[in-house]
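I have placed the structure first, in the form of structure tokens, so that the comments after it can refer back to it.
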DNA sequence: GTAAATTTGCAACAATGATGCGAAAATTTA
DNA sequence: TAAATTTTCGCATCATTGTTGCAAATTTAC
Ligand SMILES: [Mn+2]
Ligand SMILES: [Mn+2]
Ligand SMILES: [Zn+2]
Ligand SMILES: [Zn+2]
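Protein chains in written order, with my numbering: chain E, 6 to 142; chain B, 6 to 142.
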């Protein structure tokens, strides 16, 4: 069984053309993908709505996670940590290159804890670093 | 001279009704404001476009800064650090309450530095913490 | 292979944000 | 303070992004 098919089945998702193609895109890509990237790379094959729904279901199943960016565009990347449906626990830092604008999961860099003022209880923290990536250096 | 007028003049912005009213909103508010909040609180007085343009010019002048959120909605807050036109340098942590969904600048909590993998050069870092705020606790 | 369940594509809609342009208002000049 | 100049405002219009309902097509289960 192909890797893509395996991933879908393991996550109780029916195996369809769009899901296979989009999942393959993530497996091939070394950075994060935006909705627009996916539409472009699948080349008109699927309806815009299908792409939205596919991404949503991948997020729900814990296959991909979203990355917040400074310009408020959503990017998606594969979860390498062992996330489960409805229970993500990636807590790594994300890097956005100002040169090539690629978004990269720094899987080995954990989001540091910060001491909050009295009364604040943290639940989850995100950290995004901008700069120059190893390739553009 | 009123405080609001003073701020506008200091930043070389002509003093207009919309700018005064929106600036006053920021001065009164203890959390960050979204575009929609501002439209609501000014009560139909100004065109939607005017609000957009006012916020843009405040950002350009270094009077307010944007806060990235996980759900892709833009929030704005007063710069308390000494930002200048075209050169922001707030680097504090932001807190978003999961209960009241207020967004708060933690001006005294500096974004910590992280050690990046070899080849990555950081330029700027953002950190957003979700949880329960002091009021909702 | 057939029936049931799920997914897809289309149409329609809502929200958000940008731009051009003439009218209105604010600032500068005299 | 009045006229001239500069800036801003409001409106119309458009683009992009994302959501929902529903019938047709596809996938899965039997
Ligand atoms: Mn990641
Ligand atoms: Mn802030
Ligand atoms: Zn790069
Ligand atoms: Zn709260």
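For glycine and all other residues, C-beta sits at the position ideal for the given N, C-alpha and C.
Segment limits, alpha helix (DSSP H) that includes residue i
i: residue 33 (chain E); result: 22-33
Bounding residues of the beta strand (DSSP E) (the contiguous stretch that carries residue i)
i: residue 8 (chain B); result: Note, residue 8 (chain B): premise wrong, no beta strand (DSSP E); alpha helix (DSSP H) at 8-15.
i: residue 118 (chain B); result: Segment: none, residue 118 (chain B) is in no beta strand (DSSP E) and carries neither H nor E.
i: residue 68 (chain E); result: It is not in any beta strand (DSSP E) - residue 68 (chain E) carries neither H nor E in the DSSP assignment.
i: residue 126 (chain B); result: 126-137
i: residue 82 (chain E); result: 80-83
Where residue i falls: helix, strand or coil (DSSP)
i: residue 38 (chain B); result: strand
i: residue 51 (chain B); result: coil
i: residue 100 (chain E); result: strand
i: residue 44 (chain E); result: helix
i: residue 18 (chain B); result: coil
i: residue 108 (chain E); result: strand
Contact set for residue i: own chain, Cβ-Cβ below 6 Å, skip 5 residues either direction
i: residue 105 (chain B); result: 141
i: residue 25 (chain B); result: 9
i: residue 85 (chain E); result: 112
i: residue 66 (chain B); result: 16 and 90
i: residue 47 (chain E); result: 26
i: residue 135 (chain E); result: 101 and 103
Sequence-distant residues of its chain with Cβ nearer than 7 Å to residue i (five each side left out)
i: residue 62 (chain E); result: 18
i: residue 43 (chain B); result: 27, 30 and 56
i: residue 137 (chain B); result: 102, 103 and 104
Own chain residues within Cβ distance below 8 Å of residue i, not counting five before or after
i: residue 72 (chain E); result: 37, 79, 80, 81, 82, 99, 108, 110 and 133
i: residue 12 (chain E); result: 28 and 68
i: residue 60 (chain B); result: 27, 40, 43, 69 and 81
i: residue 97 (chain B); result: 86, 110, 111, 112, 113, 114, 115 and 116
i: residue 121 (chain E); result: 127
Buried or exposed (CB count within 10 angstroms, at least 16 for buried), residue i
i: residue 74 (chain B); result: buried
i: residue 52 (chain E); result: exposed
i: residue 32 (chain B); result: exposed
i: residue 130 (chain B); result: buried
i: residue 114 (chain E); result: buried
i: residue 92 (chain B); result: exposed
Check your understanding: Any residues in the stretch 47-69 of chain E with a beta carbon nearer than 9 Å to a beta carbon of chain B? Which ones, in chain order?
Key -> For the stretch 47-69 of chain E, which is checked against every Cβ of chain B, not one residue is closer than 9 Å.
Check your understanding: Name the residues in the stretch 72-102 of chain B whose C-beta lies less than 8 Å from a C-beta of chain E; which are they?
Key -> Cβ contacts with chain E come from 73, 74, 75, 77, 78, 79, 98 and 100.
Exercise for review: Please name the residues in the stretch 100-130 of chain E whose beta-carbon is closer than 8 Å to at least one beta-carbon of chain B, in chain order.
Suggested key: For the stretch 100-130 of chain E, the set of residues with a beta-carbon nearer than 8 Å to any beta-carbon of chain B comprises 100, 103, 111, 113, 114, 116, 117, 119, 120, 121, 122, 123, 124, 125, 126, 127, 128, 129 and 130, in chain order.
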